[in-house]
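Worksheet: the structure to be examined is printed underneath.
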Amino acid sequence: MIEPATSFAAIDQSFFTDRSGGGCIQENKLFCPGWVVDNYDRYVDPTLQHLVLVGSAVVGGFLIAFALAILAHRHRFLQTPFLAGTGILYTIPSISFFFLLLPITGRGPLTAIIALTAFNLQIIFRNITNGLRNVPPNVTEAATGIGMTRSQVLWRVEIPLSMPEIIAGLRIATVSTVALATLAVFANGGGLGTEIVSGSNITFKTGIIVAGSIAVIMAIVFDGVLLLTGKLLAPWQRKRVIT
Amino acid sequence: MIAPGVAGLPIGAFGLFGDAFNFVFSGREAETGGVTVGGTGQVIDLATTQLEVTVFALAVAIVLAMPVGLWLGHRQKGEFLAVSAGNAGRAIPELALIALMAAAIGVGMVNLVVALAILGIPPILTNTFVGISQVDRASVEAARGMGMTEFAIVRKVELPLAVPTIMGGVRTAGINIIATATIAPLAGILTLGDFIIARNVYGDAGVLAGAVLVALMALALEGTLAAIQWAMTSRGLKLERS
Amino acid sequence: MAEESVSASPVRFESVTKRYPDADSVAVEDLTFEVPAGEICVLVGPSGCGKTTALRMVNRTVEMTSGDILIGERSVKEGDAARLRREIGYVIQQIGLFPHRTIAQNIGTVPALLGWDKERIRARSAELLDLIGLDPEYGDRYPSQLSGGQQQRVGVARALAVDPPVMLMDEPFGAIDPINRGRLQNEFLRLQSELRKTILFVTHDVDEAIKMGDRVAVLKKGGQLAQFATPTELLMEPADDFVEDFVGADRALKRLALMRVRDVDLWTAPLAQAGDPCEPVRTAVSAAEVPYALLVDGEQRPIGWLSERDLAGEKVPSTPDSAADPLIDSDSVLRDGLATLLQSGALYAPVIDARGRLTGVLSVEIVSDFLSSGKAAESELAATERPHD
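So, in C-alpha cells, the structure goes:
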C-alpha cells in the first residue's frame, strides 16, 4: 500500500483563510450559514457550468439514443448489439470514462460531456425501445390498414404513444446525470464538483453541503419539469374512465 | 506538477497508451520523484481493495434493502416509499456524499462502506418491491389456495418470479458502488481511483492506466452479476422470454 | 349527391393465391368470386382457413402471391399501398383506436391524411358521430373513456370517414358480448341499408354470416372456396359435406331466420263478427283448416277465439272465452313467430299486418310443412329482401 501522504489527503489551508465567515469557518463546522450568505456568488459559475454539462449530455444522449432506437425499431436485429453496446458505455464508470478519453479529447468540459452522454445512452435507448414495443399491435395494425405510411405510423402513432416511457427514461437519465456531473471536476470539466473538490481540498463541509444541495435541487427541478412535460405530452393518460 | 500538454495529446495517443501499459506492468518513477509507483504489485493491491469495498458495500445494501423490499412487495404496501427511494437515490451526488462523509464523520473503511451502501440501497429496494409486487396475483392466490404459508409464498413463488427485476436492481447498485469506490481515495481508502485522482503522483500514464483498469473491473463485475442472474433465473422464465 | 355515384364499387377476386415462404401449405388457394356493389359478402370458415388473409389482400396489408383483386375496374396492385388503404374502410376486431387521440381525431384520421382542411374534418366527425348514434360531446373524449361497444362504433365511423366505396371488416363484433353484439349487428345492418357500401366481412360464426351476408363465401382449410352462395342457398343446398358440417345440423332451423311470416302460406280460419248467426260458423269450423273460429271486428282485427260454448247459442257473442293471444306480426321472422307460438302453448296464432288486420293463422304444422317442402326452397330463393332484424 502506498503512503497516504503522497496521494490525495493534503489539505489546502488557503481555502479557509481566503474567505470571510469568522470562527465557524476556522473550526470547519458542519454548516456555516454566514459564509454562504457572503459567498453565494461563487456558486453562480459552477452552477451554470453544471447546467451546460447536464443539458448537453442529456440532449446529446437523447438525440443519439433516439436515432439508435428508431434504427433498431426498423431493423430488429440491431436491438441486441445496440443494447449491449450502450450497456458497456453505461457500465464504464464516468470517472474512468473521462480519462479513457484523455488521449483523444484531453481534459475539459467536452470530455466530461462525452462521458456523461455515453452513460445516458442506454437508459434513454432502453426506454424508447420499450415504449415502441409496448404500443399495442392492433393500434399499429389499424394505422397501417387505414392507409398510414410506415413513417406516419411511427411519427403519428408509435412515438406519441411511447411518450410516457420516453419521458420516464429522460427523467432517470437527467437526475442521474446531474449527480454524476459533479465528477466532471476531475476532468477539468467544471461544474458544481469544483466547489466540492477545490484544489486538493475536500474537507470544507459547508462548501460540500452547498454544492451538493444545489445539485440535488437541480435534479429535483429538472425531474419536476420533465414530469410536467410528460403530462402535457400525454393528455390521454389523465382522462380515464372510472368504473 | 507538470504541464498537462493538452494540445499535443491526440498525436501522442498511442504513446500514452504505451506508457499506461508500462505503468501497469513495470511501474515508473513518481512525478513527485524518488519512489517507483505503479507495477503489478500496486495494481493488484489497489484492485483488491476496490473489489473488497465494493463487495462489502453491495452485501450491506442487499442485507438492508432486500428484506424491506420483499416485505413491502409481498404486502403490496409502501409503493410510494419504495419508488421514491429509488428516485431520491439517483439524485444523490456521489462526490458530495463521499466528501461530506469523509469531512464530517471521518475517513476509514467502515465509513466508506456505509456511504457506498447508502448508494446501493435505493435501486435494490425499489426493484425488489417492484419485482415482488408485479408477480401475477393469480400465482400468489393459487399458492395461498394450495395452503402455502406466507413465508413459503415469498420464497417459492414470488422470489423466483421476481429474480430478473431484483437482480436488475442489484446490478445497478453494483455498477454505482464500484464507480463510486473509484473516488474512495478521497475518503482515505486507496483504490484504483488513486491512479486517476492523484495525477500529481502518477502522471498521465497512471491516470489512463487507472481509467482502463477501473473500466475493466466495472465490466467484470457487471458480467459476473449478469451471470449470477442467469443462473438464478428459472428455466420456465427464460423460456417465456425467448 | 355527387358522392352517391362512387359510394360503392364491386370487388372481384380473380384466382387469388397466397403462399407464405416459410409455410409448406397454401394460405389462400385460387380464390375467385365477385361481390356486387353495395352488398355484404361474408367470408366464413374455421380458424386457419385463410379468411382474414383473403380479406387483408384487398387492402394489401398482406400481399398476394398471384392472381388479382379488382375494385371496380382497378387492380389493387396498381399504385401505392398506403394510398389504396385510405380509399378502403377497415375495421378490425380489436378496433385499434388510437389511445392518444380524441374520438373526433380518431374519426378524422384518414381525412387528415388526405389533407382535408380542419373545418371539413370537424364537420365530418360530427356527422359520423351522429350517424353512429353518439352524442357530439363524445368527440372530445379519449377511447379509454368509452365502453367496448361505443369504441367499436367509433371504429366503424373511422372506417367510414372518407365515404370509401369498399369496407373491410375483420370480425368486427368478435370481442363484444353476445347481447351487445346482436344490437351492434342490427345497428350496422340498418346503417348499411342507407349507405349501401360494398363490404367484405370476416367471421368464424356461421350464424353471424347468415345474418349479415347478402352472400357468404365458405372457406375451408388451405384457403379453398368451398361454397359461394346466398345464405339461403347455403342452408338449402350445402355444396359438400364440409359446408353441411360447418353450417351445422340445425341448418333447417337457421333457415327460419331468413323468412318472414308473411312469406309462407298461412292457414285461414272461419271468421265471425259479434251478432252473426252461429249456425253457418259451426258448419264452417267443421270443414276448415283451423278447427276454431276467430272473432274479428269490422276492420278484420282479431278479438278472440270462439269456443264451442261460444258458438252453442243463436248469435255470436261479443266477448269470447279466449283472447286472440298470441298475435304475430306478419313482418317478423319466421323463427321468432314459431318461438312465440311455442312459448304461448297455443296451437294456432293469428297473424296481423302493420294495421292490426288479420292476414292468416300460423301453426306449427305450417312451419314443419314449409321446411320439408320443395316449394319452400323456391320461395326462399326467390325472396329478394332479407330480414335484417
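Sequence order for the protein chains is H, U and L. Under our numbering, the first residue of the first sequence carries the number 1, and numbering increases by one thereafter. Under our numbering, the first residue of the second sequence carries the number 1001, and numbering increases by one thereafter. Under our numbering, the first residue of the third sequence carries the number 2001, and numbering increases by one thereafter. We put the CB at the ideal spot given by N, CA and C, even for glycine.
So ASP1204 of chain U contacts chain H; which residues on that side make the cut at Cβ distance below 9 Å? In the second sequence, the residue the question calls residue 1204 of chain U occupies position 204. Under the 9 Å cutoff, chain H gives PHE99, LEU102, PRO103.
Candidates L:GLY2067, L:ARG2181, L:ALA2027: which alpha carbon is nearest GLN2152 of chain L's? Position 152 of the third sequence, counting from 1, holds the residue named residue 2152 of chain L. Comparing alpha-carbon positions, the option among L:GLY2067, L:ARG2181, L:ALA2027 lying closest to GLN2152 of chain L turns out to be L:ARG2181.
For PRO2036 of chain L, collect the residues of the same chain with a Cβ closer than 7 Å to its Cβ; drop the 5 residues on either side in sequence, then sort them by chain order. For the purposes of this step, residue 2036 of chain L is taken as residue 36 along the third sequence, with counting starting at 1. PRO2010, listed in sequence order.
What does the alpha-carbon distance come out to for the pair ALA112 of chain H and LEU1213 of chain U? One-based indexing of the first sequence puts residue 112 of chain H at position 112. One-based indexing of the second sequence puts residue 1213 of chain U at position 213. Their backbone Cα atoms lie some 19 Å apart in a straight line.
With a threshold of 8 Å between beta-carbons, can LYS205 of chain H be considered close to chain U, or not? Taking the first residue of the first sequence as position 1, residue 205 of chain H is located at position 205. It does: the Cβ of LYS205 of chain H has a partner Cβ on chain U nearer than 8 Å.
For THR1182 of chain U and ILE1197 of chain U, the rounded distance between their alpha carbons: Position 197 of the second sequence, counted from the first residue, corresponds to residue 1197 of chain U. Position 182 of the second sequence, counted from the first residue, corresponds to residue 1182 of chain U. The straight-line gap from Cα to Cα measures roughly 9 Å.
Against chain L, does LEU232 of chain H count as a neighbour if the rule is that its beta carbon must be under 8 Å from one of theirs? On the first sequence, residue 232 of chain H is found 232 positions in, with the first residue counted as 1. By the rule that beta-carbons nearer than 8 Å mark a contact, LEU232 of chain H does not touch chain L.
For THR2061 of chain L, go through chain H and note every residue whose CB falls closer than 9 Å to its CB, in chain order. Within the third sequence, numbered from 1, the residue matching residue 2061 of chain L stands at position 61. Neighbours of THR2061 of chain L on chain H, chain order: GLU141, THR144, GLY145.
Give me the subset of the region 171 to 203 of chain H whose CB atoms are less than 9 Å from a CB atom of chain U, sorted by chain position. ARG171, ILE172, VAL175, SER176, VAL178, ALA179, LEU180, ALA181, THR182, LEU183, VAL185, PHE186, ASN188, LEU192, GLY193, ILE196, VAL197, SER200, ILE202, THR203
How about THR1165 of chain U and VAL1130 of chain U: do their beta carbons lie closer than 8 Å? Counting from 1 along the second sequence, the entry for residue 1165 of chain U is found at position 165. Counting from 1 along the second sequence, the entry for residue 1130 of chain U is found at position 130. For THR1165 of chain U and VAL1130 of chain U, yes; Cβs fall inside 8 Å.
Checking contacts by CB at 8 Å: is ALA1099 of chain U closer than that to chain H? The count along the second sequence starts at 1 and reaches residue 1099 of chain U at position 99. Yes, ALA1099 of chain U lies at the interface with chain H (some Cβ there is under 8 Å from its Cβ).
Anticipated Cβ contact below 8 Å, ILE172 of chain H with ILE123 of chain H, distance rounded: As a position in the first sequence, residue 172 of chain H is number 172, starting the count at 1. As a position in the first sequence, residue 123 of chain H is number 123, starting the count at 1. Right, their Cβ atoms sit about 5 Å apart.
State the CB to CB distance for the pair VAL1037 of chain U and VAL1113 of chain U, rounded to an integer number of angstroms; the pair is presumed to be in contact (CB under 8 Å). In the second sequence, residue 1037 of chain U corresponds to position 37, counting from 1. In the second sequence, residue 1113 of chain U corresponds to position 113, counting from 1. Rounded to the nearest angstrom, the Cβ distance from VAL1037 of chain U to VAL1113 of chain U is 26 Å, too far for a contact under 8 Å.
So, helix, strand or coil for GLN152 of chain H, using DSSP? Walking along the first sequence from the start, residue 152 of chain H turns up at place 152. In this structure, GLN152 of chain H counts as helix in the three-state DSSP scheme.
Under a CB-based cut-off of 8 Å, is TRP155 of chain H close to chain L? As a first step, residue 155 of chain H must be located in the first sequence, where it is residue number 155. False, the Cβ-Cβ gap to chain L never drops below 8 Å.
Min CB distance LEU53 of chain H to chain U below 8 Å: Stepping through the first sequence from its first residue, residue 53 of chain H is reached at position 53. It does not: the Cβ of LEU53 of chain H has no partner Cβ on chain U nearer than 8 Å.
Considering only C-alpha positions, which residue in the set L:ARG2083, L:SER2368, L:SER2007 is nearest to THR144 of chain H? Translated into positions along the first sequence, residue 144 of chain H becomes position 144. Comparing Cα-Cα distances from THR144 of chain H to each of L:ARG2083, L:SER2368, L:SER2007, the minimum goes to L:ARG2083.
Taking only runs of the beta strand (DSSP E) that begin and end inside the region 2262 to 2312 of chain L, which ones reach a length of at least 3 residues, in chain order? 2293 to 2296, 2302 to 2306
Mind checking ALA215 of chain H: buried by the 16 CB within 10 Å criterion, or exposed? Locating residue 215 of chain H in the first sequence gives position 215, where the first residue counts as 1. Buried.
Check ASP38 of chain H in the structure and name its three-state DSSP category. Numbered from 1 along the first sequence, position 38 holds the residue referred to as residue 38 of chain H. Of the three classes helix, strand and coil, the one that applies to ASP38 of chain H here is helix, per DSSP.
Enumerated in chain order, which unbroken segments of the alpha helix (DSSP H) with a length of 4 residues or greater are wholly contained in the region 2180 to 2265 of chain L? The DSSP assignment places 2206 to 2212, 2231 to 2236, 2241 to 2247, 2251 to 2255 as complete runs of the alpha helix (DSSP H) inside the region 2180 to 2265 of chain L, in order along the chain (cut-off: 4 residues).
At the level of alpha carbons, what is the spacing between ILE2121 of chain L and TYR2090 of chain L? Your numbering for residue 2121 of chain L matches position 121 in the third sequence. Your numbering for residue 2090 of chain L matches position 90 in the third sequence. Cα atoms of ILE2121 of chain L and TYR2090 of chain L: separation of roughly 18 Å, rounded to the nearest angstrom.
In the structure shown, what three-state DSSP assignment does THR2065 of chain L receive? Position 65 of the third sequence, counting from 1, holds the residue named residue 2065 of chain L. Note: THR2065 of chain L maps to coil in three-state DSSP.
Straight-line gap, MET1066 of chain U to PHE186 of chain H (C-alpha atoms, nearest Å): Residue numbering aside, residue 1066 of chain U sits at position 66 when the second sequence is read from its first letter. Residue numbering aside, residue 186 of chain H sits at position 186 when the first sequence is read from its first letter. C-alpha separation (whole angstroms): 34 Å.
Could one say the Cβ of ILE95 of chain H lies closer than 8 Å to chain U's Cβ atoms, at least one of them? For the purposes of this step, residue 95 of chain H is taken as the residue at position 95 of the first sequence. Cβ-Cβ to chain U under 8 Å: yes for ILE95 of chain H.
Measure from the alpha carbon of ILE1105 of chain U to the alpha carbon of each residue in H:LYS29, H:TRP155, H:THR194, H:PRO235, then state which is nearest. The residue you call residue 1105 of chain U lines up with position 105 of the second sequence. The shortest Cα separation from ILE1105 of chain U among H:LYS29, H:TRP155, H:THR194, H:PRO235 belongs to H:LYS29.
Nearest neighbour of SER2372 of chain L, chosen from L:ARG2251, L:ASP2325, L:GLY2139 [CA to CA]: Within the third sequence, residue 2372 of chain L is the residue found at index 372, counting from 1. For SER2372 of chain L, the nearest C-alpha among the options comes from L:ARG2251.
For LEU227 of chain H and ALA1184 of chain U, I'd like the C-alpha separation in whole angstroms. Start at 1 with the first residue of the first sequence, and residue 227 of chain H comes out as number 227. Start at 1 with the first residue of the second sequence, and residue 1184 of chain U comes out as number 184. Going from the Cα of LEU227 of chain H to the Cα of ALA1184 of chain U covers about 34 Å.
State the Cα-Cα distance for the pair GLY2174 of chain L and ARG156 of chain H, rounded to the nearest angstrom. Taking the first residue of the third sequence as position 1, residue 2174 of chain L is located at position 174. Taking the first residue of the first sequence as position 1, residue 156 of chain H is located at position 156. Distance between the alpha carbons of GLY2174 of chain L and ARG156 of chain H: 27 Å.
May I ask you to report which of helix, strand or coil DSSP gives CYS2041 of chain L? Here residue 2041 of chain L refers to the residue found at position 41 when the third sequence is read from its first residue. DSSP places CYS2041 of chain L in strand when its eight states are reduced to three.
Buried or exposed (CB count within 10 angstroms, at least 16 for buried), SER2330 of chain L: The residue you call residue 2330 of chain L lines up with position 330 of the third sequence. Buried, by the Cβ-count rule.
So, is the C-beta of TRP35 of chain H closer than 8 Å to a C-beta in chain L? Indexing the first sequence from 1 puts residue 35 of chain H at position 35. Answer no: the Cβ-Cβ gap between TRP35 of chain H and chain L never drops below 8 Å.
Buried or exposed: which applies to PRO2387 of chain L, given that a residue is buried once 16 or more other Cβ atoms fall within 10 Å of its Cβ? For this step, residue 2387 of chain L is matched to residue 387 along the third sequence. Bear in mind that the predicted position of PRO2387 of chain L carries a pLDDT of just 45, short of 50, making it unreliable; the figure below should be weighed with that in mind. With 16 or more other Cβ atoms within 10 Å, it is buried.
Please confirm if ILE1153 of chain U has its CB atom under 8 Å from at least one CB of chain H. Mapped onto the second sequence, residue 1153 of chain U falls at position 153. No, no contact with chain H.
If you check the beta carbons only, do VAL2361 of chain L and VAL2290 of chain L fall under 8 Å apart? Within the third sequence, residue 2361 of chain L is the residue found at index 361, counting from 1. Within the third sequence, residue 2290 of chain L is the residue found at index 290, counting from 1. Yes. Within cutoff.
What residues in the region 2102 to 2128 of chain L bring their beta carbon closer than 7 Å to a beta carbon of chain H? So the list reads THR2109, VAL2110, LEU2113, given in the order they occur along the chain.
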